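Report on the following structure.
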Amino acid sequence: MIELEGLTKRFGAKTAVDHLSFQVRPGVVTGFLGPNGAGKSTTMRMMLDLDNPTSGTVRIDGKHYRELPEPLKYIGALLDAKSMHGGRTAYNNLLCLAQSNRIPERRVAEVLDLVGLTAVAKKKSKGFSLGMGQRLGIASALLGDPEILMFDEPVNGLDPEGILWIRNLMKGLASEGRTIFVSSHLMSEMALTAQHLVVIGQGRLLADLSMADFIQQNSRSYVRLRSPQQERLKDVLHEAGISAVSVPATGALEIDGVESERLGELAAQHQIVLHELSPQRASLEEAFMRMTADSVEYHAHAPGAPGAVGSADNPARPADVPAWGAGFEAKRKGGE
Amino acid sequence: MTVSSFPGILNSEWTKIRTVASTTWTLASALVVTVGSSAALCAVVSATLDDMTPQERLTFDPTMASFVGMTFGQLAMIVFGVLVVGTEYSSGMIRTSLAAVPRRVSFFFGKLTVATALALVVGLATSFLSFFLGQVILGDASVGIGGDNVLRAVIGGGLYMAMIALFSMGVAAILRGSVLAICMLIPFFLVISNILGGVPATRKWAQYLPDQAGAKIMQVVPGGMDGSTTTYGPWGGFGIMVLWTAAVVLGGYLVLKKRDA
Amino acid sequence: MIEAVGLTKRFGAKTAVDQLSFQVKPGHVTGFLGPNGSGKSTTMRMIVGLDRPTSGHVTINGRPFRDLPNAQRHVGALLDAKAVHGGRRARTHLLAVAQLSGIPEKRVDEVLAVVGLQDTARQRTKGFSLGMGQRLGIATALLGDPQVLLFDEPVNGLDPEGILWVRNLMRQLAAEGRTVFVSSHLMSEMALTADHLIVIGRGRLLAEMGTQEFITHNSAGFARVRAADTHPDGRDTMAAALTGAGARVLKEPDGALRVTGLELPHIADLAHGAGVRLWELSPHRASLEEAYMRLTQSSVEYASTEDPRAELWEPEPPSVPAWEDEEEAPQAPAAAFYAPPPPAAGGQPFLMPGSPGELAAAAKNHPEESR
């Protein structure tokens, strides 16, 4: 369990992190999202006591980080793939970390094997690719077999096999009751990994809720219907006062704001055969875009307003994506 | 409040030091350069012994003569000291290290203890080797290890080397990196300090510079060799150097404690 | 159009690229996939003439890169975000490239605006973040308004907004009839971007086909069926009917059934016959990642193993969940969510695999396909 209370960090006049309070709970993978410059990295560094907060506190299982006797046994972190001495071998880089926390030496070989670096254990980490450096960083996080793990952009540089592996590793660790906190810019990846989300923008907390709630509140969801008796189905829906949109491209009907249970009952009642009855929710990416677009204006997002973003023929994609430069500019001008 | 186990940290820092190539080459060159250039100078002195004036003979300090190479050997010690601390920053290892050992005081002094101990061992080996080889070469003009104050001077040579390394570690910690620290320390100890110490106008206060003061511990004949006299004795001089080093190390610790990693 | 014929590159005894022949056609975003060390980067470097092939050749619009009269106007490439002189300013860098190929200075400001770097154009690139370097790289690639574009891991270091932007940019460039060739390790990202795929492993061509075709070919889709809760035995009746019809049925944590081997209309008929009302009947396509894993299993260089996690605290070490997951279906996609429909999917939902069990179970059923 990690608890943040009123955490604030100022660099001169610029406030990078602004009164951030949230908890990272055990047993789930918590995703940490935010646009570039939102203060994610600074927050993670303060969690590890690398940066001193201007005000506020971070507690790890109720203790300040500096009070942890052998912190690697409580919390393991991957912050930056390039935070090892390049002139030292992979094995020795891990060995000196293990020794500082009285972790048995054979654990070093174990974690190297775990991340698939045994073959290059005796090579200097200078020559490592980004992906190999990342694996070494992951190994260092796992070294003390900690109850809390933090990963900053863990899939950076990994190949598909590595990405799948780290995702399953994080989920597996969470299911053992550990606390997993992971930041990433890859929404599609995060969507597969995290069950809970903490979203920040301009250093402030925008959302702290479950993945399902986040997507539901920030994007359109609808049900797709397909039937060999399409015309009768339309009539039945019309009678029930449900408005359906037909999508010529797929030959399906799309219905907003009605649960699939009710539609199933309705079809059964009228003896209509359905060939598809699938609830659709939009992507995390869409939900994230909507929420952080709001963050520029500093107001909390009200749930709802489904359908406002999706277009009929391609509902899961925002109808008009703002120019990349536009958002970047808005953030820069907002003091980022 | 519980803290990380200090022996574990020492163990870890020892692993860090012994597993990088720079340790070997800096310490090896400190030894080889000091012993080599001291022996060369002793050979020159030995050959020109008969040309000395009686005045020169009186102030000739055979112990000091066998340590002359330390002027160059100490540069390797400086590089060693700077790299021990500086590479933590330049490699990004500092973040990993501090996440593992969050108590700055344990981390910093653990590292300094191990590195200084190693520098002391190499420094003592260097000064004893230098001394014995030098005395063999000097032949008639040599002194024995049992002579007045000679053992103090030889051990002092080792202490001086260790203190120079520690001083460099402190500077690297203040500057949070290797490059700037080396660029400041090498010219200072190689050129600036010697010029200030050599020019009569500045000698009065240059004698309190860390290397000038510290080097007095290697002197057996007071005012010997360079003929300068100081307001402090050998241990007094070394004390001045210790004060300098303590100040720099404290500064380095405060920077580490206060600044974001 | 990029065309490789028998392309081979050896570094000493190691063959990085081995008799590779493929075509990258205009009008599509073509994804270039392969495990680390499979020769992707080498191939890309040979396309733009940075490496010389040991044998075979690769042409762009019918000519080798080095013979193109004004290469910058024909081919734009983003190969390495850090291939910029750090001391130079962003605008100066672009200007230098532009002047080399006779591109008007006006275009420099245009591309800077396109990638959103206009305000940082006067900064030295040394201080650029990975994301900013990537934007500059993309600007450089776009400079000559080329017909052929190559991107190596374009979304590296970008934030979500940038990732979305790059994806839309590539799709738009392809829609304009350009040839877009992009390599990436991010399968979920590629599934959204590429409509054609070239997959290599150990330097050899493993697959060259449409994304949808590739997924269908290399993995099995399934249907999610949820019976009405009002009858307690509705689910069991349905499961029995499905199993009787020869389907493979797994239970999902939320009570739904995961059905493999039956078409949706068939399932609907079975439900009707069994008198079970359905609250959900949704088709799921397997993911590109799953399909890719099946195809490339044998050509991975650094394999991870399970964590033995001996010693430390636990008297009995907890283990990472085993790759076998028998009765229970992998973690509910419903509890998670659906990724948006892939480009050419005709609005079909697109399932992302829930957990390791799924892949392993699938792989075991069709060992012959995993080669």
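Chains as they are written, first to last, in my numbering: chain L, -5 to 330; chain E, 321 to 581; chain P, 7 to 377. Each residue gets a CB set at the ideal place from its N, CA and C atoms; glycine is no exception. None of the values given here were measured: they were computed from a predicted structure.
Cβ-based neighbour list, residue i, same chain, cut-off 6 Å, excluding 5 preceding and 5 following
i        : result
E/Lys431 : Glu333
E/Leu516 : Thr522 and Ala526
E/Lys336 : none
E/Gln394 : Ile484
L/Glu279 : Met181
E/Leu444 : Gly478
E/Ala533 : Gly557, Ile560 and Met561
E/Leu458 : Cys362, Ser366 and Pro382
L/Ala238 : Leu231, Leu247 and Ile249
C-beta atoms of residue i and residue j nearer than 8 Å
i        : j        : result
L/Asn95  : E/Ala420 : yes
L/Leu91  : L/Leu106 : no
E/Val355 : E/Thr446 : yes
L/Ile69  : L/Pro140 : yes
P/Asp57  : P/Lys20  : no
P/Met176 : P/Val30  : no
E/Ile329 : E/Phe509 : no
E/Arg415 : L/Leu73  : yes
P/Val251 : P/Leu268 : In the sequence on display, residue 251 of chain P carries Ala and not Val. Their beta carbons are under 8 Å apart, which means P/Ala251 touches P/Leu268 by this criterion.
P/Ala83  : P/Val54  : yes
P/Val117 : P/Leu101 : no
E/Gly477 : E/Ser498 : no
E/Val402 : E/Ala492 : yes
P/Val154 : P/Arg113 : no
P/Leu276 : P/Arg264 : no
P/Ala234 : P/Leu287 : no
E/Val540 : E/Val456 : no
L/Arg214 : L/Ser272 : no
E/Thr433 : E/Gly490 : no
E/Met266 : E/Phe387 : An answer regarding residue 266 of chain E cannot be provided, because it is not within the stretch 321 to 581 covered by chain E.
E/Val568 : E/Ile494 : yes
Chain-ordered chain L contacts of residue i [CB-CB under 7 Å]
i        : result
E/Leu331 : Per the sequence shown, the amino acid found at residue 331 of chain E is Asn instead of Leu. Ordered by position in chain L, the residues that pass the 7 Å Cβ test against E/Asn331 are Gln93.
Same chain, Cβ closer than 7 Å to residue i, neighbours up to 5 away in sequence not counted
i        : result
L/Ala7   : none
L/Ile266 : Ser221, Gln223, Arg226, Leu227 and Val230
L/Ile236 : Ile249 and Val252
P/Leu164 : Gly137, Gln140 and Val172
P/Ala292 : Ile221, Ser225, Ala226, Gly227 and Leu357
L/Lys3   : Ala10, Val11, Thr36, Met40, Asp45, Pro47 and Thr48
P/Glu111 : Leu101 and Ala104
Same chain, Cβ closer than 8 Å to residue i, five either side skipped, listed in chain order
i        : result
L/Arg19  : Met(-5), Thr173 and His190
L/Gly245 : Arg220 and Gln224
L/His186 : The question names His, but residue 186 of chain L is Leu in the sequence shown. Correct list, in chain order: Arg161.
E/Ile475 : Leu444 and Ser447
Interface partners of residue i on chain E, CB under 8 Å
i        : result
L/Lys116 : Near L/Lys116 there are no residues of chain E at all, since even the closest Cβ is about 11 Å away, more than 8 Å.
L/Ala71  : Ala419
L/Asp74  : Gly412 and Arg415
L/Pro78  : The sequence given here has Met at residue 78 of chain L, not Pro. Within chain E, the residues near L/Met78 are Ser411, Gly412, Met413 and Thr416.
L/Ser134 : Thr416
Bridge partners - residue i, DSSP secondary structure assignment
i         : result
L/Ile(-4) : L/Val18 and L/Ile54
E/Val365  : E/Val365 is not bridged to any residue.
E/Ile502  : In the DSSP output, where bridge partners are listed per residue, E/Ile502 has none listed.
P/Gly207  : P/Arg210
P/Thr266  : P/Arg254
L/Ile204  : Note on identity: in this sequence residue 204 of chain L is Ser, with Ile being the wrong assignment. In DSSP, L/Ser204 forms a bridge with L/His190.
P/Ala10   : P/Phe28 and P/Val64
Contact set between residue i and chain L, taken where Cβ atoms lie within less than 8 Å
i        : result
P/Ala274 : Val267, Leu268 and His269
P/Ser107 : Neighbours of P/Ser107 on chain L: none; closest Cβ ~24 Å, over 8 Å.
E/Asp580 : Arg39, Leu44, Asp45 and Asn46
E/Thr335 : Asn86, Leu89, Cys90 and Gln93
Cβ-heavy atom distance, residue i to the ligand ZN, below 7 Å
i        : result
P/Gly150 : Annotation note on the ligand ZN: not contained in the displayed structure, which lists no ligands.
7 Å Cβ cut-off: residues of chain C touching residue i
i       : result
L/Arg82 : Although the question refers to chain C, the structure presented lacks it and instead comprises the protein chains L, E and P.
### Task
Identify every run of the alpha helix (DSSP H) within the stretch 99 to 183 of chain P, keeping only runs that are complete inside it and at least 4 residues long; order them along the chain.
Runs of the alpha helix (DSSP H) inside the stretch 99 to 183 of chain P: 111 to 120, 136 to 148 and 166 to 181.
### Query
Taking only runs of the beta strand (DSSP E) that begin and end inside the stretch 217 to 250 of chain P, which ones reach a length of at least 3 residues, in chain order?
Taking only runs of at least 3 residues, the beta strand (DSSP E) segments lying wholly in the stretch 217 to 250 of chain P are 228 to 233.
### Query
At which residue ranges does the stretch 48 to 127 of chain L contain complete alpha helix (DSSP H) runs of 4 or more residues, listed in the order of the chain?
Counting only runs of 4 or more, we get 84 to 94 and 100 to 108.
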